[in-house]
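Structure, as structure tokens:
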Amino acid sequence: MTTIWKPKDPAEHLVATFDFLDELDDGETIVGAIPTCTLISGTDANPSALLSGDFVIAGGTVLQPMSGGSHEANYKFRCIATLSSGRVLVRAAILPVRTA
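Residue numbers (my numbering): 1264 to 1363.
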């Protein structure tokens, strides 16, 4: 099942939250992450530009600032998290961008 986030306006600056907490074993932590953004529909010459700044690992979550986007475009945000145990977990969500 794919998560669909609430639409964002192109002028908004928000934070994408990828929550891995429920899948972490005792003592396990996130030691690395690779957030990505791709265009799944609409028009945008540079969809990765929605990734606005560096991500932050906060406990069992990865926080990725995001801004911009093109009206009527839909994006897929994906985060690959590497854990201290060597396990790798992935979260993904669809972000619609609509002008308010």
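Note that beta-carbon positions come from the ideal geometry of N, C-alpha and C, so glycine has one too.
Note that the coordinates shown come from a computational prediction; the quantities given were computed from them, not determined experimentally.
Beta-carbon separation (whole angstroms), residue i vs residue j, contact threshold 8 Å
| i | j | result |
| --- | --- | --- |
| residue 1213 | residue 1316 | Any answer about residue 1213 is impossible in this case: the structure gives the chain only from 1264 up to 1363. |
| residue 1292 | residue 1346 | 7 Å |
Counterpart residues of residue i in DSSP-defined beta bridges
| i | result |
| --- | --- |
| residue 1348 | Answer by DSSP bridge pairing: none, since residue 1348 is not bridged. |
| residue 1336 | 1360 |
| residue 1366 | A query on residue 1366 cannot be resolved here, the shown segment of the chain reaching from 1264 to 1363 and no further. |
| residue 1284 | In the DSSP output, where bridge partners are listed per residue, residue 1284 has none listed. |
Cβ neighbour criterion (16 or more within 10 Å) applied to residue i
| i | result |
| --- | --- |
| residue 1332 | buried |
| residue 1307 | buried |
| residue 1313 | buried |
| residue 1278 | exposed |
| residue 1271 | buried |
| residue 1355 | exposed |
Original post:
Where are the beta strand (DSSP E) runs, 3 residues long or more, that stay fully inside the segment 1300 to 1327, in chain order?
Top reply: The qualifying runs are 1319 to 1321.
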